Amino acid sequence: MEYSVEALGRDLKNMRKYYGSGKTKGASWRESQLKGLHNFLVEKEEEILSALKQDLGKHYVEAFRDEVGTLMKTLNFATNSLKKWMAGKEAKLPQIALLSSAEIVPEPLGLVLIISSWNFPFGLSLEPLIGAVAAGNTVVLKPSEMSPASSSLLGTVLPTYLDNNAIKVIQGGPEVGEQLLQQRWDKIFFTGSAKVGRIVMSAAAVHLTPVTLELGGKCPALVDSLSASWDREVAVKRILVAKFGACAGQACIAIDYVLVEKSFSSTLVTLMKDWIKKMFGENPKASNTIARIVNKKHFMRLKNILTDPKVKESVVFGGSMDQNDLFIEPTILLDPPLDSAIMAEEIFGPVLPIITLEKIEDSVEFISSRPKPLAIYAFTKNKTLQGRMVSETSSGSLVFNDAILQYIVDTLPFGGVGECGFGKYHGKFSFDAFSHHKAVARRSYLTDFWFRFPPWTLNKLQLLEVSYNLDYLGILLVLLGLKRSKRSIFQACN
Amino acid sequence: MEIMPTLERDLSNMREYYESGKTKEASWRESQIKGLHRFLMEKQEDIMKVLMQDLGKHQLEAFRDEIGTLMKTLNLALKSLKNWMAGKKAELPQIALLTSAEIVPEPLGLVLIISSWNFPFGLSLEPLIGAVAAGNAAVLKPSELSPACASLLASSLATYLDKKAIKVIQGGPQETQQLLQQRWDKIFFTGSARVGRIVMSAAVENLTPVTLELGGKCPAVVDSLSSSWDVEVTVKRIIVGKYGTCAGQACIAIDYILVEKGYCSKLVELMKVRIKKMFGENPQHSKTIARIVNEHHFSRLKNLLTDKNVKESVVYGGSMDEENLFIEPTILVDPPLEAAIMSEEIFGPLLPIITLEKIEDSIKFMNSRPKPLALYVFTKNQTLQRRMISETSSGSVTFNDTILQYAADTLPFGGVGESGFGRYHGKFSFDAFSHQKAVVRRSFLTDFWYRYPPWTLNKLQLLEVSYNYDYLGLLLVLLGLKRPSKRLILDHI
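Chains A and B supply the protein sequences, listed in that same order.
Each residue of the first sequence is one higher than the last, beginning at 4 in the working numbering.
Each residue of the second sequence is one higher than the last, beginning at 229 in the working numbering.
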């Protein structure tokens, strides 16, 4: 469904006009849209799960766990919190500001653009959309054409649950994306690659549009030598599900590679091989418990990462690929060369390099000498190492002894730092991402700081000084003429 | 040909120093805040002198608008630092047994602050306070249009701070270009929209987050007030919010006024009287009004009045002294709306008053124009106040006063739409230069086994009740007492 430039311009103009009517600012409108999104998820759950199966080979339960379930959780949270989020918050003023009051009042930005990625087409489209409508904006959503069944469902069915005057879904590829980016938006929320992130930010600069960029990176998992076998088993399960079990590793917060002490690496690999079979079955392709690679281009990209003979040599498990089915089995590598593509680029697939270190503490230097990732996962009970990870590394988020879970926590900001992006969302952060927090100050006519007006006297300078210091005693003394000033400079003024 | 040949090496050294972790320590941050405070105390006379030199600002105006505010901010930063630096616990639902989460602020790294010429100390040091409080290394590039101030910052400030982490780099557009080509972890810019676009475009290369504090035409809506006391106070606040603030060369100065037709002449008369009382019979002599910063801006302002229709609308003032870069307080009534004076940011001591049939018409008037940094509304009418808040958009709204919002530490200071994005002051400054890192701690003891394959209908049920925080439902499913809902598709499991 291609848009002509004129049609797009006209539609956006109408959307702005609708926004100008104030309709979307009302609490009841926002509630109705959240309700509409909820109904969409409940009534069209089957279609959603089928689309995800079709586009990405995601198992229904994985799709529910990662997209449908999380969205429902978010919608509940947003619906319960809406009134609170919308309310102004008092801003405390010092005593000196007698009879003055101040508050911070959130207001929508206007007409916003959300561009989402193909790996979690519903999650990454609707989580931001929830924030945008809760904040009272009108929205254009552009889902990724690389997950066409999902994009189509969003484009054709979702609108029937929402106010079409205020929310539009526009499908298409790069050309449509470019066209959209040439328009004027009050905010652009983008999830995707750094390459396209730059294109988005450049386009935004023309109109001075604020942007949020949720990008990717290489999320490391460091695995300390855990002594309890229970801990090791749980750690391995969590690592496997966060790599192979999360859209086959095609997730911005999937584990990209693992860091482990040399002496512990064989234990780890053995446990992993064991649990891969337990979790995904003897034949993961048949059991459908691992998603597919999204398309041929990415399949070939992943295939090529393994062509380097040194890299191929380092494969210790898996490695087989089915091009027709776009399926790659869980693959583990042990110490591929650090300068190979697999260790330089974001993998985004079910291929897991394990890098061995002399001491696990070396992981701090290893990680901090590389671009900041969206997430760092540290499996360790060593409090000192934990402390060092918090203070000596930087990442969007840091999780101890688990992975991926931070995504579902409504009270934690989700976003990157450095090359993995800027801005954040989830929970109230989503509402804030699409709001302007307006400062509102109310002054009385009864209390006047006469010393802020010319004509100027030394006395006024003294009063300004004690006032800025919130020195109430000082103010009194000056007013009573009991405070001498050391200022000699004042001669120059008069 | 490099303008600043050692720039890359200098920045590289700064990064290395940052990475040593020195700037993250609370004691380092405190020492920098104290250093800034000592700079303001010990060099106060020099600061006032250069502000007089660059902008003709009276010592008291300089203290009121820049030195005093900075001291206030430094006091707050010193007092609040520990609190700002601490991690904040993030509440988790009951189901997350033996799990804890917090949000931990950390510095971004090496940041760039570019400030404007009109409040060269305020606009340089307010952001710098946030940057060092947050533990960053910083490069400050003050405006070359206020050269004496830039020079004082470059020569004196460094002696009060840790030179390895904080540098002041002077220069013009070329130096700025070179700076913008470097890699920064954050760029904080105060200035015009035109340069703002250049800054944001340069930031794209390294995906650098930016804060843009820009300008706009800040309107003041003046309702017909009945009490004469109220009217007098209103006029005083308007006059100081225009002419008394760097001669109107301020992003939050009143740009123009909106008033009901019937009230206009009264307002103008009162203003004329108050201008004399405040600035004296000869404002140029009393030094109570700042100068225009340079020839270029002086000519720009002069040209605003060349249009015949605009010139005709001048009801007070209008005289200009090019040699001294002085323009006296000037009032215009109803210049043509399409004239430059009503379409561009004035940034000078020229005050257009636009009359309306009804004061409520001001809402539509303002909404059809770009969102300003500040909106000032002088009214006691509660309904009008409510409408202003909900039907207009601006960086801030202040009722019955002007400019003061700048001094409130608990209010975010920043724009929306064409007046910019991002905010600072108080804790917002600290946040502007921080990354709020989410930290989660999980136990090995509590495991949600139903998040792992192999998949069963039971696991799907458990996921559903868990996401709903339906603890009763969770129990029922675990006990096998909850029948699974429709779910036809699960044949495929």
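Using N, Cα and C, we set each Cβ at its ideal position, and we do this for glycine too.
For clarity, every value in this text was computed on a predicted model and none was experimentally measured.
For residue i, count the other beta carbons within 10 Å of its own beta carbon; 16 or more makes it buried, fewer makes it exposed. Which is it?
{"i": "N497 (chain A)", "result": "Its pLDDT being 44, under 50, N497 (chain A) is placed unreliably by the model, and the measurement read from it follows with that caveat. Exposed."}
{"i": "L479 (chain A)", "result": "exposed"}
{"i": "V143 (chain A)", "result": "buried"}
{"i": "L486 (chain B)", "result": "buried"}
{"i": "L716 (chain B)", "result": "Unreliable placement is indicated for L716 (chain B), whose pLDDT of 49 sits below 50; the coordinate value is still reported in the next sentence. Per the 10 Å Cβ criterion, exposed."}
{"i": "T27 (chain A)", "result": "buried"}
{"i": "T301 (chain B)", "result": "buried"}
{"i": "S488 (chain A)", "result": "exposed"}
{"i": "L706 (chain B)", "result": "exposed"}
{"i": "S323 (chain A)", "result": "exposed"}
{"i": "P131 (chain A)", "result": "buried"}
{"i": "V459 (chain B)", "result": "buried"}
{"i": "S513 (chain B)", "result": "This sequence places His at residue 513 (chain B); Ser is not what is there. When all chains shown are included, H513 (chain B) counts as exposed."}
{"i": "S255 (chain B)", "result": "exposed"}
{"i": "A495 (chain A)", "result": "Caution is warranted here: a pLDDT of 48 is assigned to A495 (chain A), below 50, making its placement in the model unreliable, and no coordinate value can be reported."}
{"i": "Q322 (chain B)", "result": "exposed"}
{"i": "V468 (chain B)", "result": "buried"}
{"i": "V115 (chain A)", "result": "buried"}
{"i": "K470 (chain B)", "result": "buried"}
{"i": "A90 (chain A)", "result": "exposed"}
Rounded to whole angstroms, how far is the Cβ of residue i from the Cβ of residue j, which I believe are closer than 8 Å?
{"i": "A393 (chain B)", "j": "A430 (chain B)", "result": "The pair is not a contact, with the Cβ atoms about 23 Å apart (cut-off 8 Å)."}
{"i": "L55 (chain A)", "j": "E70 (chain A)", "result": "7 Å"}
{"i": "R446 (chain A)", "j": "D629 (chain B)", "result": "4 Å"}
Run through DSSP, which three-state label would residue i get?
{"i": "S352 (chain B)", "result": "helix"}
{"i": "V542 (chain B)", "result": "strand"}
{"i": "Y448 (chain A)", "result": "coil"}
{"i": "L360 (chain A)", "result": "strand"}
{"i": "P771 (chain B)", "result": "Outside the displayed span of chain B (229 to 721) sits residue 771 (chain B), for which this structure offers no information."}
{"i": "M229 (chain B)", "result": "Annotation note: pLDDT 47 at M229 (chain B) (below 50); position unreliable, coordinate value reported separately. If DSSP states are grouped into helix, strand and coil, M229 (chain B) belongs with coil."}
{"i": "V705 (chain B)", "result": "helix"}
{"i": "M149 (chain A)", "result": "coil"}
{"i": "K391 (chain B)", "result": "coil"}
{"i": "S269 (chain A)", "result": "helix"}
{"i": "A366 (chain B)", "result": "strand"}
{"i": "Y680 (chain B)", "result": "coil"}
{"i": "E264 (chain A)", "result": "strand"}
{"i": "K190 (chain A)", "result": "strand"}
{"i": "A478 (chain B)", "result": "coil"}
{"i": "L716 (chain B)", "result": "In this predicted model, L716 (chain B) has a pLDDT of only 49, less than 50, meaning its place in the structure is not dependable enough to derive any value."}
Checking the sheet assignment: what are the DSSP bridge partners for residue i?
{"i": "D549 (chain B)", "result": "B:F554"}
{"i": "S400 (chain A)", "result": "A:A378, B:A666"}
{"i": "A567 (chain B)", "result": "Answer by DSSP bridge pairing: none, since A567 (chain B) is not bridged."}
{"i": "F417 (chain B)", "result": "B:I342, B:L440"}
{"i": "L578 (chain B)", "result": "B:T558"}
{"i": "Y652 (chain B)", "result": "B:F641"}
{"i": "A448 (chain B)", "result": "B:I485, B:Y604"}
{"i": "A318 (chain B)", "result": "B:A329"}
{"i": "Y636 (chain B)", "result": "Reading off the sequence shown, one finds Ala at residue 636 (chain B), where the question assumed Tyr. The partner list for A636 (chain B) (beta bridge, DSSP) is empty, contrary to what the question assumes."}
{"i": "G424 (chain A)", "result": "A:E217"}
{"i": "S438 (chain A)", "result": "A:P111"}
{"i": "A224 (chain A)", "result": "A:V261, A:Y380"}
{"i": "I170 (chain A)", "result": "A:V142"}
{"i": "I117 (chain A)", "result": "A:L144, A:F192"}
Practice task
State whether the region 520-529 of chain B contacts the region 548-557 of chain B, with contact taken as three or more CB pairs (one from each stretch) at a distance under 8 Å.
Solution key: Three or more beta-carbon pairs separated by less than 8 Å link the region 520-529 of chain B to the region 548-557 of chain B, which places the two stretches in contact.
Handout entry: the region 633-653 of chain B contacting the region 432-448 of chain B, beta-carbon criterion three pairs below 8 Å
Key = With a cut-off of 8 Å, the region 432-448 of chain B and the region 633-653 of chain B count as touching, because enough Cβ pairs lie within range.
Exercise for the section: Would you check if the region 412-432 of chain A and the region 367-383 of chain A touch, i.e. whether three or more CB-CB distances between them fall below 8 Å? Expected result: Note that the region 367-383 of chain A touches the region 412-432 of chain A; at least 3 beta-carbon pairs, one per stretch, sit closer than 8 Å.
Practice task
Could you tell me whether the region 75-89 of chain A touches the region 446-460 of chain A, using the rule of 3 or more Cβ pairs below 8 Å?
Solution key: The count of Cβ pairs closer than 8 Å, one atom from the region 75-89 of chain A and one from the region 446-460 of chain A, stays below three, leaving the stretches out of contact.
Problem - Contact the region 620-633 of chain B vs the region 600-612 of chain B: 3+ CB pairs below 8 Å - result: Counting C-beta pairs with one atom in each stretch, the region 620-633 of chain B and the region 600-612 of chain B have three or more that are closer than 8 Å, which means they touch.
Exercise for the section: Check whether the region 314-326 of chain B touches the region 399-418 of chain A, taking contact to mean three or more Cβ pairs, one atom from each stretch, closer than 8 Å. Expected result: With contact defined as three or more Cβ pairs closer than 8 Å, the region 314-326 of chain B and the region 399-418 of chain A are in contact.
Exercise for the section: Specify whether the region 656-676 of chain B and the region 494-507 of chain B touch according to this definition: at least 3 beta carbon pairs, one from each stretch, less than 8 Å apart. Expected result: These segments do not touch.
Exercise for the section: Could you tell me whether the region 396-410 of chain B touches the region 379-387 of chain B, where touching means 3 or more Cβ pairs closer than 8 Å? Expected result: Touching, yes.
Exercise for the section: Kindly confirm or deny that the region 154-163 of chain A and the region 117-129 of chain A touch, where touching means at least three C-beta pairs closer than 8 Å. Expected result: With a cut-off of 8 Å on Cβ pairs, the region 154-163 of chain A is in contact with the region 117-129 of chain A, counting three or more such pairs.
Practice task
Please confirm if the region 245-252 of chain A is in contact with the region 292-304 of chain A, defined as three or more CB-CB distances below 8 Å between the two stretches.
Solution key: Because the criterion of three Cβ pairs below 8 Å is met, the region 245-252 of chain A and the region 292-304 of chain A touch.
Problem - Validate contact between the region 354-374 of chain A and the region 385-397 of chain A using beta carbons, cut 8 Å, 3 pairs - result: These segments touch.
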